[in-house]
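Counting from 1 along the first sequence, just add 443 to a position and that's the residue number in this note's numbering. Structure record follows, encoded as C-alpha cells.
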Amino acid sequence: MNRASLLPQGFYARDARTVARALLGKLLVRRDPRGRFRIGRIVETEAYLEGDPAAHSYRGPTPRNQVMFGPAGYAYVYFTYGMHYCMNVTCEREGKPGAVLLRALRPVEGIVAMAAAREIALPESPTEKHLRMLASGPARLAEALSITRERDNACLLTSEEHGLYILDDGYSAGPIVATPRIGISKAVEKKWRYLLKNDPFVSK
DNA sequence: GAGGAGATCGTCT
DNA sequence: GACGATCTCCTCT
C-alpha cells in the first residue's frame, strides 16, 4: 500500500450525508493482536441523521446508542437480530447525533483471514462471487473484520492504537449513486444510501 | 433468480 | 412483550 494516511477528526465532524459519500473509496483496516491485517475498501454506506426516525439516536440517548451523542470519529457498533453486529462511524459534532453505517467492503488484504472469520471455505482461486460473500453487507463486513460491540464500540478511528481505523490511500472513487436505505421501516423515502456506481461488491 | 421463513437475543415500551 | 440499520437456507420457477 502506498502513502496511506489516517483521516483527521475534522473529516468526520460534518453532516452525516457528506461523510457517507466521502467515506466511499476509503480503506477500513483491522490489525489483529498478531499484527496481521484485514483491509477492505468501503463501497457502500448509509447516513443516519439528527431528527431521523430511522436512526437509533431518534428517541434520545440510551446506554446502547450513547456513542452517537459523543464526538465524531468513533465507532458505534450495535448488536441486532440476536446474532449480528453492524459498524457505524460517528459524525456531526458533540451533542448532535449522526452516524454512517458501513454496508459493504471490497476485500483488499487479509482475504484468507476474512474467510476464516466468516467460516467460509475459499477455493484456491476465489472468484468475484466468492469474494462478495466476505464483506458485502453490514453484518458480513463486521464478521469478516471480527468487529464486535464488546471489543470495538466507542473505539477511536482516527488513531491506529485500537487496531481498527480508516485510511485514505489516495484512491479516487468513481461516480456515486444515492438510493433509499435498506432494511428500515421509517423514512424509507430518503435517499441516504450511497454506493460506488457499478461496483460488484455492494450488497443486494 | 426470486421469494419467504426461521434463527435468536439485546433493547426499549 | 414486540421488534429489529440482517443473513442463510430452502423451495419454487
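Here a beta-carbon is modelled for each residue, glycine too, at the ideal position from N, C-alpha and C. For clarity, every value in this text was computed on a predicted model and none was experimentally measured.
Check, Outcome
"Going by C-alpha distance, which of 535, 598, 505 and 547 is nearest residue 491?", "535"
"If contacts are defined as beta-carbon pairs under 8 Å, then residue 497 and residue 624 qualify, I think. What distance do you get, rounded to the angstrom?", "7 Å"
"By DSSP's criteria, residue 523 is part of a beta bridge. Which residues make up the other side?", "527"
"Quick one: Cα of residue 482 to Cα of residue 447, how far?", "12 Å"
"Is the beta carbon of residue 609 closer than 8 Å to that of residue 472?", "yes"
"Output needed for residue 510: all residues of its chain with C-beta closer than 8 Å, excluding positions within five of it in sequence on either side, in chain order.", "517, 518, 519, 533, 596 and 597"
"For a minimum of 3 consecutive residues, which ranges assigned as the beta strand (DSSP E) are wholly contained in the stretch 528–579?", "542–552"
"Within 10 angstroms of the Cβ of residue 508, are there 16 or more other Cβ atoms? Answer buried if so, exposed if not.", "buried"
"So what does DSSP say about residue 593, is it helix, strand or coil?", "helix"
"For residue 469, count neighbouring Cβ atoms within 10 angstroms of its own Cβ and tell me buried if that reaches 16, exposed if not.", "buried"
"What does DSSP give as the partner residues of residue 481 in its beta bridges?", "473"
"Which same chain residues, not among the five before or five after residue 553, have their C-beta less than 8 Å away from its C-beta?", "473, 479, 480, 481 and 482"
"Would you identify the three-state DSSP class for residue 631, choosing helix, strand or coil?", "coil"
"What residues match up with residue 619 in a beta bridge as DSSP calls it?", "639"
"What do you reckon, are the CB atoms on residue 486 and residue 549 nearer than 8 Å?", "yes"
"If you draw a straight line from the alpha carbon of residue 512 to that of residue 531, how long is it in whole angstroms?", "13 Å"
"Would you list the residues sitting across from residue 448 in a DSSP beta bridge?", "611"
"Determine whether the beta carbon atoms of residue 467 and residue 639 lie at a separation below 8 Å.", "yes"
"When the Cα atoms are used, what is the spatial distance from residue 449 to residue 593?", "24 Å"
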